[in-house]
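Visitor: Note that the sequence shown ends on residue 377 in my numbering; no numbers are left out. C-beta: ideal position from N, C-alpha, C; glycine also. Here the structure is a predicted model, which is why all the values come from computation and not from measurement. Please find one structure pasted underneath; my questions will follow.
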Amino acid sequence: MKRDARRDRQCGSAQCRRAGQTMSFGLNKPQVSPIAVDFGVSSLKVLQVIPGNSNDSPTLIGAASLSTPDELLSDDQQRLAYQSEQLPKLMRGMGFKGKRAVCAVSALQCLAQSVQVQKAGNIPLADIVKEQLRQAIGRDPASFVLRTFEVGEVVRSGQKCTEVLCMAIPREVVMMHMKALRQARLDPVGIQTEHMSVLRAFDPLVQRSNEPNAPSMYVDFGCGSTKVLIAHGRNPVLAKTLPAYSRSGEQMMSRRPSTIAEQEAGASGTTTAVLDEVTDAGAGVEALAEEVGMCLRYYQALFPGKAMERAVFVGGEARRSEVCRAVARSLRLPAQVADPLSALARESGSSIRGLALQSAQPGWAVPIGLCLSPTDL
């Protein structure tokens with residue numbers, strides 16, 4: 001019996017050592033991001049990364065994309081229903097880890113607006129902003145998930161005011177997107193706007209910059225809308241949603257596959273939303289360029305002492321060179337089309353579906369930003 005007891009103790013010690021090793025390995029496992037789901041107008045995108053540190057880029061775990069059928073491009077509710085149904089199929093076999101998920105809400109369903117408010121005694125600034133929003137949009141601010149960013153002091157009609165950037169998502173829209181994630185058996189931990197997701201996509205570059213508070217202008221050319229965001233480093237100071245120049249030009253897109261199987265069969269290593277070249281930018285593009293230029297002029301009036309450093313173009317429509325050229329001419333700024341997906345480190349186990357990394361992918365800024373955004377649900 002003594003030998004048995006001694007053997008049990010030895011086995012127990014060995015089990016403890018093995019358990020300790022297992023626990024140690026668990027603690028040393030790299031932290032993965034939530035699964036980012038971008039319910040975009042032109043496509044559904046899913047991405048997961050291992051966030052990098054201040055010196056390393058994030059590492060790609062998996063990326064998958066499914067194009068939206070043409071008949072759903074202008075139908076928000078039916079498109080979301082279709083994408084939520086396709087989401088589990090798109091994710092299957094991709095090696096995504098865990099169930100935690102974060103998603104973006106289309107800018108067309110969100111509010112991005114600057115307001116000027118006068119501080120009044122001991123009344124909290126947030127309450128003053130909400131009342132101003134109530135008057136501006138005719139809706140109870142409590143029906144929104146509202147985030148505010150204090151930009152600075154401005155003078156309006158000879159009086160000092162505080163400029164505040166407001167970003168808001170209707171609560172019913174938040175609930176719709178949470179339901180869509182749960183239908184795919186995911187656990188929603190964050191809902192973000194497209195504007196803030198684009199900004200967060202560039203956090204690694206900003207944090208490594210010698211001038212972390214330098215002003216930058218980001219323009220996201222999407223199929224459903226164009227998003228403009230100006231930031232000082234990581235801090236947003238202006239956001240605007242503009243109509244997509246190509247709304248009437250959607251017919252210029254080649255027919256897109258409507259199922260995962262069709263998409264994979266026909267991709268042949270090319271991007272899934274191939275766009276025809278347009279030689280003439282046309283009045284629509286010039287009008288958009290003027291709108292984007294007005295955003296820059298508004299910023300310059302707010303901060304006359306700050307020189308804009310650069311303009312960064314992202315979004316699927318940024319692949320249209322005539323759009324980027326027209327907007328760059330209007331801004332008169334150094335401009336570049338960014339491909340944040342190409343900056344991700346890749347390992348042999350990284351899974352890809354529905355896109356070709358051999359080609360530039362400027363449309364993936366939102367999913368990358370979602371992976372790097374705070375989880376706040």
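With P88 as the anchor, note down where its alpha helix (DSSP H) starts and where it stops.
Guide: Note, P88: alpha helix (DSSP H), D76 to M91.
Visitor: Just to confirm, are F39 and I61 a CB contact at a threshold of 8 angstroms?
Guide: Cβ distance not < 8 angstroms, so F39 and I61 don't count as in contact.
Visitor: Go ahead and pull the three-state DSSP assignment for K99.
Guide: Coil, per DSSP.
Visitor: Helix, strand or coil for S348 per DSSP?
Guide: Strand at S348.
Visitor: Within 10 Å of its beta-carbon, does N192 have 16 or more other beta-carbons around it, so buried, or fewer, so exposed?
Guide: According to the sequence as given, residue 192 is Gln; it is not Asn. When all chains shown are included, Q192 counts as buried.
Visitor: Take R185 and list the residues in its own chain whose beta-carbon comes closer than 8 angstroms to its own, dropping the five residues that flank it on each side.
Guide: Answer for R185: P88 and K99, listed in chain order.
Visitor: Determine the burial state of D220: buried for a count of at least 16 other Cβ atoms within 10 Å of its Cβ, exposed for fewer.
Guide: It counts as buried.
Visitor: Would you give the residue range spanned by the alpha helix (DSSP H) that R156 belongs to?
Guide: Run containing R156: none in the alpha helix (DSSP H); it sits in the beta strand (DSSP E), F144 to R156.
Visitor: Fully enclosed by the region 302 to 367, which alpha helix (DSSP H) runs are 4 residues long or longer?
Guide: You should have 321 to 331.
Visitor: Please go through the same chain and pick out, in chain order, the residues whose beta-carbon is closer than 8 angstroms to the beta-carbon of S373, but skip the five residues on each side of it.
Guide: The residues are V102, G190, Q192, M196, S197 and R200.
Visitor: Where does K119 fall in DSSP's three states?
Guide: DSSP places K119 in coil when its eight states are reduced to three.
Visitor: Give the C-beta separation of L90 and V46 to the nearest angstrom, bearing in mind that I take them to be a contact with Cβ-Cβ under 8 angstroms.
Guide: With 8 angstroms as the limit, L90 and V46 qualify as a contact, their Cβ atoms being about 6 angstroms apart.
Visitor: Nearest to R92 by CA position, among G369, P304, A365 and I352, is which residue?
Guide: It is I352.
Visitor: Taking only three categories from DSSP, how would you classify G62?
Guide: G62: strand per DSSP, three-state reduction.
Visitor: With distances taken between CB atoms, is the gap from V292 to L238 smaller than 8 angstroms?
Guide: No, the Cβ-Cβ distance between V292 and L238 is not below 8 angstroms.
Visitor: By how many angstroms is the C-alpha of H177 removed from the C-alpha of Q183?
Guide: Taking the straight line from one Cα to the other gives about 10 angstroms.
Visitor: Take the Cβ of M175 as the centre, count every other Cβ of all protein chains shown within 10 Å, and call the residue buried at 16 or more, exposed below.
Guide: Label assigned to M175: exposed.
Visitor: Assuming L242 is part of the beta strand (DSSP E), what are its boundary residues?
Guide: Unbroken beta strand (DSSP E) run through L242: N235 to P243.
Visitor: Near T148, what residues of its chain come up, given a Cβ to Cβ distance below 6 angstroms and the 5 sequence neighbours on each side ignored?
Guide: For T148, where only same-chain residues beyond five positions count, the Cβ hits under 6 angstroms are V129, V164 and C166.
Visitor: When you compare only the Cα positions, how much space is there between N122 and V206?
Guide: For N122 and V206, the distance between alpha carbons rounds to 36 angstroms.
Visitor: Name the DSSP bridge partner or partners of I169?
Guide: BP columns for I169 point to V145.
Visitor: Is the separation between the beta-carbon of L111 and that of I137 shorter than 8 angstroms?
Guide: It is a contact, given that the beta carbons lie within the stated cut-off.
Visitor: Where do the ends of the beta strand (DSSP E) carrying A107 lie?
Guide: Unbroken run through A107: none, as it is neither H nor E.
Visitor: Determine, using beta carbons only, whether S216 and A244 come nearer to each other than 8 angstroms.
Guide: In this structure, A244 does not lie closer than 8 angstroms to S216 by Cβ.
Visitor: Here's a check: name, in chain order, each residue in its chain whose Cβ is nearer than 7 angstroms to the Cβ of K240, leaving out the five neighbours to either side.
Guide: Cβ within range, chain order: A112, V228 and C295.
Visitor: Using only the alpha-carbon positions, how far apart do D140 and A307 sit?
Guide: Cα to Cα, the separation comes out at about 37 angstroms.
Visitor: So is Q361 buried or exposed if we call it buried at 16+ other beta carbons inside 10 Å?
Guide: Classification for Q361: buried.
Visitor: Restricting to runs no shorter than 4 residues, where is the alpha helix (DSSP H) found entirely within the region 184 to 229?
Guide: Within the region 184 to 229, the complete alpha helix (DSSP H) runs of at least 4 residues are 194 to 201 and 203 to 208.
Visitor: Using the DSSP secondary-structure output, state which residues sit across from G159 in a beta bridge.
Guide: It should be pointed out that residue 159 corresponds to Gln in this sequence rather than to Gly. According to DSSP, which records beta bridges pairwise, Q159 is partnered with R156.
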